[in-house]
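Here the sequence shown is numbered in full-length UniProt numbering, starting from 1 and rising by one per residue. We treat Cβ as the ideally placed atom computed from N, Cα and C, and that holds for glycine. Reviewing the structure listed below.
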Amino acid sequence: MRRFTEFFDGAASWSRVERIIARVEAGAQGSDTRFIVTNLPGGRAKTLYERIYCRRGMAENHIKAWKAHLSADRTSCTKATANQFRLFLHAGAYWLMWGLRARMPKRSLWRIAQFDTLRLRLIKIAARVVERKTQIQLHLPSACPDQTILRVVLGRLPRLVT
Numbered sequence: 001m002r003r004f005t006e007f008f009d010g011a012a013s014w015s016r017v018e019r020i021i022a023r024v025e026a027g028a029q030g031s032d033t034r035f036i037v038t039n040l041p042g043g044r045a046k047t048l049y050e051r052i053y054c055r056r057g058m059a060e061n062h063i064k065a066w067k068a069h070l071s072a073d074r075t076s077c078t079k080a081t082a083n084q085f086r087l088f089l090h091a092g093a094y095w096l097m098w099g100l101r102a103r104m105p106k107r108s109l110w111r112i113a114q115f116d117t118l119r120l121r122l123i124k125i126a127a128r129v130v131e132r133k134t135q136i137q138l139h140l141p142s143a144c145p146d147q148t149i150l151r152v153v154l155g156r157l158p159r160l161v162t
């Protein structure tokens with residue numbers, strides 16, 4: 001169950017009373033209450049919470065994933081063009097990881113997994129590569145704990161034909 005309400009209140013240190021939106025969610029794990037203080041006039045509490053504040057949080061999470069999980073904040077080269085090229089490569093890596101996650105089954109926890117989880121559990125694993133005349137084969141270890149989901153997602157990726 002999820003409910004929204006709003007009220008006006010102010011802390012002793014505030015110079016004026018502010019509009020506060022509360023979201024209360026009750027589930028099997030218990031209740032979860034979140035509060036936001038806003039100066040946006042009008043609008044329903046649910047609309048402001050979900051369409052404005054949650055979207056802002058999602059945007060911040062995308063930036064965090066780009067910087068923390070893909071190390072895109074490493075711009076230690078002395079030349080600006082080298083740093084620009086590094087950022088370009090990290091942007092490409094971001095879209096590749098995004099595409100990998102988008103091809104996960106819809107009701108799977110892999111669909112919302114962070115990029116570092118995908119990288120460590122699905123990409124950064126040992127494999128034997130066999131080059132043939134017309135194809136490249138990847139032989140994964142039989143002890144790979146996530147081989148089922150890896151096979152599913154590899155089957156959904158487009159084939160590269162040269």
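{"Asked": "Beta-carbon spacing of Glu6, Asn39 below 8 Å", "Found": "no"}
{"Asked": "8 Å Cβ cutoff met for Leu157 and Leu150", "Found": "no"}
{"Asked": "Contacts around Phe115, its chain only, beta-carbon distance under 7 Å, and the 5 residues preceding and following it disregarded", "Found": "Ala65, His69, Leu70 and Met97"}
{"Asked": "Backbone secondary structure at Leu87 - three-state DSSP", "Found": "helix"}
{"Asked": "Entirely enclosed alpha helix (DSSP H) segments - the UniProt domain \"Transposase DDE\" (2-161), minimum 4 residues", "Found": "54-64, 80-102, 115-118 and 147-156"}
{"Asked": "Check whether Leu118 and Val129 have beta carbons under 8 Å apart", "Found": "no"}
{"Asked": "Classification of Leu100 by the beta-carbon crowding that lies within 10 angstroms, buried from 16 upward", "Found": "buried"}
{"Asked": "CA-to-CA distance, Ile123 to residue 170, given in whole angstroms", "Found": "Because residue 170 is not part of the residues shown, which for the chain are 1 to 162, the question remains open."}
{"Asked": "The stretch 28-44 touching the stretch 80-91, judged by at least three CB pairs closer than 8 Å", "Found": "no"}
{"Asked": "Neighbourhood of Phe8 by C-beta distance below 8 Å, restricted to the same chain and skipping five residues each side", "Found": "Val17, Glu18, Arg19 and Ile20"}
{"Asked": "Cβ pair Ala113, His90 closer than 8 Å", "Found": "no"}
{"Asked": "Environment of Arg111 [buried if 16+ CB atoms lie within 10 Å]", "Found": "exposed"}
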